[in-house]
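**Student:** First residue of the sequence shown: 33, per the working numbering; consecutive thereafter. Note that the Cβ used here is the ideal one computed from N, Cα and C, for glycine as well. Since this is a predicted model, take the numbers as computed values, not measurements.
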Amino acid sequence: MSRLRILKKAKNKHDLAALLGFKVASLTYILYKVRPENQYYQFQISKRSGGTRTISAPSDQLKRLQSSLSSLLLDCIDELQERSEPELERFDPSHKYSEILKVKVPSAKTKQLSLSHGFSRDRSIITNAMMHLNKKNVLNIDLDDFFGSITFPRVRGFFIKNRDFELEPSVATIIAQIACYNGKLPQGSPSSPVISNLIANSLDIRLAALANRYSCTYSRYADDLTFSTRKIEFPEKIMKQVGELYIPGKRLRSEIRRSGFEINHSKTRLQYQNSRQDVTGLVVNKKPNVRKEYWRTVRAQCHSLFHRGYFTKTVGRAKVRGNINELEGQLNFIDQVDQYNRLRQKPPLDPIYAVAKHGVNTLNLLTGREKTLSKFLYYRLFYGNDKPTILCEGQTDNVYLKSALSKLVAHYPTLAKSKTITSPYKLLIRFLEYSKRTRFLLQLYGGTSYLSNFIVKYDENYNYFKSERPENPVIIVLDNDDGFKKIEGALKKVYKALSYPRTLGKKEFKKSDFIHVIHNLYIIVTPLDAGKDTAIEDLFDNAALSEKVSGKIFNPKNNRDNSKEYGKEIFAQQVVKAKKSTINFDGFKPLLNRMVEVIQHYDSIK
Numbered sequence: 033m034s035r036l037r038i039l040k041k042a043k044n045k046h047d048l049a050a051l052l053g054f055k056v057a058s059l060t061y062i063l064y065k066v067r068p069e070n071q072y073y074q075f076q077i078s079k080r081s082g083g084t085r086t087i088s089a090p091s092d093q094l095k096r097l098q099s100s101l102s103s104l105l106l107d108c109i110d111e112l113q114e115r116s117e118p119e120l121e122r123f124d125p126s127h128k129y130s131e132i133l134k135v136k137v138p139s140a141k142t143k144q145l146s147l148s149h150g151f152s153r154d155r156s157i158i159t160n161a162m163m164h165l166n167k168k169n170v171l172n173i174d175l176d177d178f179f180g181s182i183t184f185p186r187v188r189g190f191f192i193k194n195r196d197f198e199l200e201p202s203v204a205t206i207i208a209q210i211a212c213y214n215g216k217l218p219q220g221s222p223s224s225p226v227i228s229n230l231i232a233n234s235l236d237i238r239l240a241a242l243a244n245r246y247s248c249t250y251s252r253y254a255d256d257l258t259f260s261t262r263k264i265e266f267p268e269k270i271m272k273q274v275g276e277l278y279i280p281g282k283r284l285r286s287e288i289r290r291s292g293f294e295i296n297h298s299k300t301r302l303q304y305q306n307s308r309q310d311v312t313g314l315v316v317n318k319k320p321n322v323r324k325e326y327w328r329t330v331r332a333q334c335h336s337l338f339h340r341g342y343f344t345k346t347v348g349r350a351k352v353r354g355n356i357n358e359l360e361g362q363l364n365f366i367d368q369v370d371q372y373n374r375l376r377q378k379p380p381l382d383p384i385y386a387v388a389k390h391g392v393n394t395l396n397l398l399t400g401r402e403k404t405l406s407k408f409l410y411y412r413l414f415y416g417n418d419k420p421t422i423l424c425e426g427q428t429d430n431v432y433l434k435s436a437l438s439k440l441v442a443h444y445p446t447l448a449k450s451k452t453i454t455s456p457y458k459l460l461i462r463f464l465e466y467s468k469r470t471r472f473l474l475q476l477y478g479g480t481s482y483l484s485n486f487i488v489k490y491d492e493n494y495n496y497f498k499s500e501r502p503e504n505p506v507i508i509v510l511d512n513d514d515g516f517k518k519i520e521g522a523l524k525k526v527y528k529a530l531s532y533p534r535t536l537g538k539k540e541f542k543k544s545d546f547i548h549v550i551h552n553l554y555i556i557v558t559p560l561d562a563g564k565d566t567a568i569e570d571l572f573d574n575a576a577l578s579e580k581v582s583g584k585i586f587n588p589k590n591n592r593d594n595s596k597e598y599g600k601e602i603f604a605q606q607v608v609k610a611k612k613s614t615i616n617f618d619g620f621k622p623l624l625n626r627m628v629e630v631i632q633h634y635d636s637i638k
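(1) Would a C-beta distance cut-off of 8 Å place residue 223 and residue 111 closer than the cut-off?
(2) So if DSSP puts residue 174 in a beta bridge, which residue, or which two residues, is it bridged to?
(3) Which residues does DSSP list as the beta-bridge partners of residue 6?
(4) Going by DSSP, name the residue or residues bridged to residue 301.
(5) Out of 547, 516, 513, 607, state which residue places its alpha-carbon closest to the alpha-carbon of residue 634.
(6) Could you give the first and the last residue of the continuous alpha helix (DSSP H) run that contains residue 643?
(7) Exposed or buried, what is residue 454 when buried is set at 16 or more other beta-carbons lying within 10 Å of its beta-carbon?
(8) Give me the Cα-Cα distance between residue 414 and residue 421, rounded to the nearest whole angstrom.
(9) Going by the DSSP bridge assignment, what does residue 548 pair with across the sheet?
(10) Which residues in the same chain have their Cβ closer than 6 Å to the Cβ of residue 607, if we skip the five residues on either side of it in sequence?
(11) Tell me the rounded alpha-carbon separation between residue 540 and residue 563.
(12) So, are the CB atoms of residue 403 and residue 461 less than 8 Å apart?
(13) Measure the C-alpha to C-alpha separation of residue 94 and residue 100 and round it to an integer number of angstroms.
(14) Among 558, 472, 507, 411, which residue has its Cα nearest to the Cα of residue 496?
(15) Note down, in chain order, each residue of its chain lying with its Cβ closer than 7 Å to the Cβ of residue 368, except the 5 sequence neighbours on either side.
(16) Which residues mark the beginning and the end of the beta strand (DSSP E) in which residue 374 is found?
(17) Please report how far the alpha carbon of residue 185 lies from the alpha carbon of residue 204, in whole angstroms.
(18) Would the beta-carbon of residue 536 fall within 8 Å of that of residue 529?
(19) DSSP on residue 316, reduced to helix/strand/coil?
(20) Between residue 623 and residue 629, what straight-line distance do the alpha-carbon atoms span, to the nearest angstrom?
(21) Return the CA-CA distance between residue 457 and residue 155, expressed in angstroms with no decimal places.
(22) Could you tell me which of 290, 604, 552 sits nearest to residue 572, measuring between CA atoms?
(23) Return helix, strand or coil for residue 217, following the three-state DSSP convention.
(24) Can residue 232 and residue 245 be called in contact, C-beta distance under 8 Å?
(25) Residue 336 to residue 304, Cα distance in whole Å?
(26) Mind checking whether residue 229 and residue 148 have CB atoms under 8 Å apart?
(27) Name the residue from 329, 178, 240 whose alpha carbon lies nearest to the alpha carbon of residue 296.
(28) When burial is assigned at 16 or more other CB atoms within 10 Å of the CB, is residue 339 buried or exposed?
(29) Taking contact to mean 3 or more Cβ pairs, one atom from each stretch, closer than 8 Å, check whether the region 319 to 337 and the region 157 to 172 are in contact.
(30) Applying the 10 Å Cβ sphere with the 16-neighbour rule, what's the burial state of residue 618?
(31) Check the C-beta distance from residue 220 over to residue 88 and give it rounded, since I have them as a contact under 8 Å.
(32) In terms of alpha-carbon separation, which member of 553, 190, 172 lies closest to residue 492?
(33) Report all residues from its chain with a CB closer than 6 Å to the CB of residue 49; omit the five preceding and five following residues, and keep chain order.
(34) Just to confirm my understanding: we take residue 626, look at its own chain, exclude 5 residues before and 5 after, and list those with CB closer than 6 Å. What are they?
(35) Distance, Cα to Cα, residue 235 vs residue 181?
(36) Kindly indicate the opening and closing residues of the beta strand (DSSP E) around residue 280.
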């Protein structure tokens with residue numbers, strides 16, 4: 033049964049709690065014992081346009097409840113959209129770009145619903161900007177106190193009266209209690225955006241009809257409304273400019289007020305084609321792009337980070353130390369815009385870019401901005417890493433080691449922090465998660481081909497950075513089998529590589545506890561079994577390896593009979609991760625011990 037149908041059948045807090053994945057006692061405690069009004073803290077953030085914005089952040093337990101409500105409502109929205117527009121690409125995975133944003137992509141067969149772009153699945157600042165490319169006139173309007181205009185009675189009334197929901201009054205009341213603070217939607221709650229979109233949907237429909245009437249395009253991102261047109265003169269029936277004064281058309285003003293909102297007239301602006309036009313922070317004259325000043329600032333901060341180990345930013349009139357997480361977020365945002373523009377190029381996407389096959393030097397394909405992001409990721413993960421970085425041969429190895437460590441955490445305080453009454457379980461090492469972006473930007477995707485190349489080029493990449501030496505090691509974890517030959521070939525090219533303990537010969541890598549390659553780079557391999565090769569799966573006991581899944585047995589080899597056998601991914605997810613509480617991970621202790629030895633060794637020489 034659909035989530036929306038279950039929600040519409042809910043009669044009381046017991047039904048709603050079950051749908052949200054909470055116990056009734058927990059829901060009662062949050063809403064009626066502690067009460068939502070006692071579970072917020074407020075702080076100010078600076079607005080890009082000046083002034084400050086008040087953020088009301090919920091407590092962790094209330095935030096989890098609001099996040100669950102947000103997910104439920106987003107699922108309901110998806111069901112409603114699929115019911116009304118089943119041909120949309122997002123609901124049909126056979127379409128070529130089903131996993132990528134599709135608004136205004138020339139080769140897309142169908143277009144997505146494109147009115148609201150803020151806090152919606154498959155929507156973003158980028159898709160909002162895409163609606164207004166290459167227009168002669170772009171009008172931006174800001175709604176005053178957008179979230180604050182949506183009150184408790186409006187939220188409750190919407191879920192009772194809206195024909196897509198028509199919830200029981202008691203259920204609608206509980207939803208409003210979860211979502212509201214001081215009688216209105218707070219800015220800072222996970223559920224505020226999706227509820228505001230639901231309530232503002234009728235406004236979007238009416239303003240889209242108004243825009244269409246006068247040959248304009250309309251979209252909304254939260255409280256930012258945008259109208260654009262290819263007409264030489266912007267339609268005065270929507271907005272008229274008299275000197276520096278903007279006068280909204282009668283129907284525009286009426287529709288906004290009818291929906292319970294007001295225009296913030298100080299933010300209204302009409303942008304012409306011969307000037308820079310921007311929509312929610314992106315330039316839209318020819319293609320969606322960040323402002324030049326934004327990119328220059330980010331690039332300069334990266335340069336400072338690479339050469340001094342820190343960077344500064346301007347806050348008001350003062351220079352303060354910058355936050356590396358914030359810088360990473362800015363770089364990722366720029367990269368999202370660049371990826372989107374690559375999708376729009378003709379041909380839409382270079383196959384090499386999409387796949388980055390073995391043997392292809394993807395670094396030669398990077399743009400200047402992608403090269404900066406590549407250097408930043410290298411710095412963040414391998415040079416300025418704030419905790420030891422672990423690289424495995426594949427994602428399944430990450431699952432094995434994380435599961436083993438969570439079970440054996442009491443033995444390894446260097447690698448993880450045990451859960452206590454006041455703090456959750458915490459990893460003290462970072463596992464690199466491979467993706468298409470790590471493959472393209474770093475030429476890393478697991479496997480000995482990528483890792484051997486990483487080893488050979490490590491010294492060159494390391495010496496690019498001029499700040500203080502790294503505080504933490506980088507540890508590659510490998511199977512001690514035939515695949516290790518490629519790694520041995522790479523190690524022979526690094527003259528400083530040494531096996532430990534030092535009683536071993538210089539090149540006796542397979543027998544080593546660990547290998548110090550160069551700088552802060554190390555390798556550990558699975559221990560040999562009476563001189564014989566091993567793989568990481570050999571560290572599990574027979575009970576784990578004999579687990580059947582859907583009547584099939586585990587075979588880690590690639591040449592398996594899929595009708596009778598299953599592979600590593602299923603073993604990692606459906607056996608190791610799902611049943612880790614019952615699995616004996618003692619076989620992993622020698623490997624984890626070697627990890628600790630590496631950290632101790634680097635601490636002694638750094």
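**Tutor:** Well, looking at it:
(1) Residue numbering aside, residue 223 sits at position 191 when the sequence shown is read from its first letter. Residue numbering aside, residue 111 sits at position 79 when the sequence shown is read from its first letter. No, the pair does not count as a contact, with Cβ atoms beyond the cut-off.
(2) If you number the sequence shown from 1, residue 174 lands on position 142. Its beta-bridge partners are 256.
(3) It is not possible to answer for residue 6, since the shown part of the chain is limited to 33 through 638.
(4) By 1-based counting over the sequence shown, the position of residue 301 is 269. For residue 301, which the question treats as bridged, DSSP gives the partners 172.
(5) Here residue 634 is taken as the residue at index 602 of the sequence shown, counted from 1. Nearest option by C-alpha distance: 547.
(6) Residue coverage of the chain in this structure runs from 33 to 638, which leaves residue 643 outside it and unanswerable.
(7) As a first step, residue 454 must be located in the sequence shown, where it is residue number 422. By the neighbour-count rule (16 or more Cβ atoms within 10 Å), residue 454 is not buried but exposed.
(8) By one-based count along the sequence shown, residue 414 stands at place 382. By one-based count along the sequence shown, residue 421 stands at place 389. Those two C-alpha atoms are separated by around 7 Å.
(9) Here residue 548 refers to the residue found at position 516 of the sequence shown. Residue 548 is bridged to 530, 554.
(10) Within the sequence shown, residue 607 is the residue found at index 575, counting from 1. For residue 607, where only same-chain residues beyond five positions count, the Cβ hits under 6 Å are 579.
(11) Position 508 of the sequence shown, counting from 1, holds the residue named residue 540. Position 531 of the sequence shown, counting from 1, holds the residue named residue 563. Rounded to the nearest angstrom, the two C-alpha atoms are 12 Å apart.
(12) On the sequence shown, residue 403 is found 371 positions in, with the first residue counted as 1. On the sequence shown, residue 461 is found 429 positions in, with the first residue counted as 1. In this structure, residue 403 lies away from residue 461, with their beta-carbon atoms at least 8 Å apart.
(13) Looking up residue 94 in the sequence shown gives position 62. Looking up residue 100 in the sequence shown gives position 68. Going from the Cα of residue 94 to the Cα of residue 100 covers about 10 Å.
(14) On the sequence shown, position 464 is the one that residue 496 refers to. Of the listed residues, the one whose Cα sits closest to residue 496 is 411.
(15) Residue mapping note: residue 368 aligns to position 336 of the sequence shown, counting from 1. If we look at residue 368 and ignore the five residues flanking it on each side, its Cβ neighbours are 158.
(16) Mapped onto the sequence shown, residue 374 falls at position 342. Where residue 374 is concerned, there is no enclosing beta strand (DSSP E), although the alpha helix (DSSP H) it sits in stretches over 356 to 376.
(17) Numbered from 1 along the sequence shown, position 153 holds the residue referred to as residue 185. Numbered from 1 along the sequence shown, position 172 holds the residue referred to as residue 204. Cα-Cα distance, rounded: 10 Å.
(18) Here residue 536 refers to the residue found at position 504 of the sequence shown. Here residue 529 refers to the residue found at position 497 of the sequence shown. Contact: no.
(19) Along the sequence shown, one-based indexing puts residue 316 at 284. If DSSP states are grouped into helix, strand and coil, residue 316 belongs with coil.
(20) As a first step, residue 623 must be located in the sequence shown, where it is residue number 591. As a first step, residue 629 must be located in the sequence shown, where it is residue number 597. Answer to the nearest angstrom: the Cα atoms are 10 Å apart.
(21) By one-based count along the sequence shown, residue 457 stands at place 425. By one-based count along the sequence shown, residue 155 stands at place 123. So the two alpha carbons sit approximately 33 Å from each other.
(22) Numbered from 1 along the sequence shown, position 540 holds the residue referred to as residue 572. Closest by alpha carbon: 604.
(23) Locating residue 217 in the sequence shown gives position 185, counting from the first residue. In the structure shown, residue 217 sits in coil (DSSP, three-state: anything other than H, G, I, E or B).
(24) In the sequence shown, counting from the first residue as 1, residue 232 sits at position 200. In the sequence shown, counting from the first residue as 1, residue 245 sits at position 213. Cβ distance not < 8 Å, so residue 232 and residue 245 don't count as in contact.
(25) Numbered from 1 along the sequence shown, position 304 holds the residue referred to as residue 336. Numbered from 1 along the sequence shown, position 272 holds the residue referred to as residue 304. Their backbone Cα atoms lie some 37 Å apart in a straight line.
(26) Position 197 of the sequence shown, counted from the start, is the residue given in the question as residue 229. Position 116 of the sequence shown, counted from the start, is the residue given in the question as residue 148. At the C-beta level, residue 229 and residue 148 come within 8 Å of one another.
(27) Along the sequence shown, one-based indexing puts residue 296 at 264. The candidate whose alpha carbon is nearest that of residue 296 is 178.
(28) Stepping through the sequence shown from its first residue, residue 339 is reached at position 307. With fewer than 16 Cβ atoms within 10 Å of its Cβ, residue 339 is classed as exposed.
(29) yes
(30) The residue you call residue 618 lines up with position 586 of the sequence shown. Residue 618 should be labelled exposed.
(31) Translated into the one-based positions of the sequence shown, residue 220 becomes position 188. Translated into the one-based positions of the sequence shown, residue 88 becomes position 56. Going by Cβ atoms, the distance from residue 220 to residue 88 rounds to 5 Å, so yes, they are a contact pair.
(32) As a working mapping, residue 492 is identified with position 460 in the sequence shown. Nearest of 553, 190, 172 to residue 492, Cα basis: 553.
(33) The residue given as residue 49 occupies position 17 in the sequence shown. 56, 59, listed in sequence order.
(34) Position 594 of the sequence shown holds residue 626. Result list for residue 626: 545, 546, 556, in chain order.
(35) If you number the sequence shown from 1, residue 235 lands on position 203. If you number the sequence shown from 1, residue 181 lands on position 149. Near 14 Å, if we compare the C-alpha coordinates of residue 181 and residue 235.
(36) By one-based count along the sequence shown, residue 280 stands at place 248. Note, residue 280: beta strand (DSSP E), 277 to 280.
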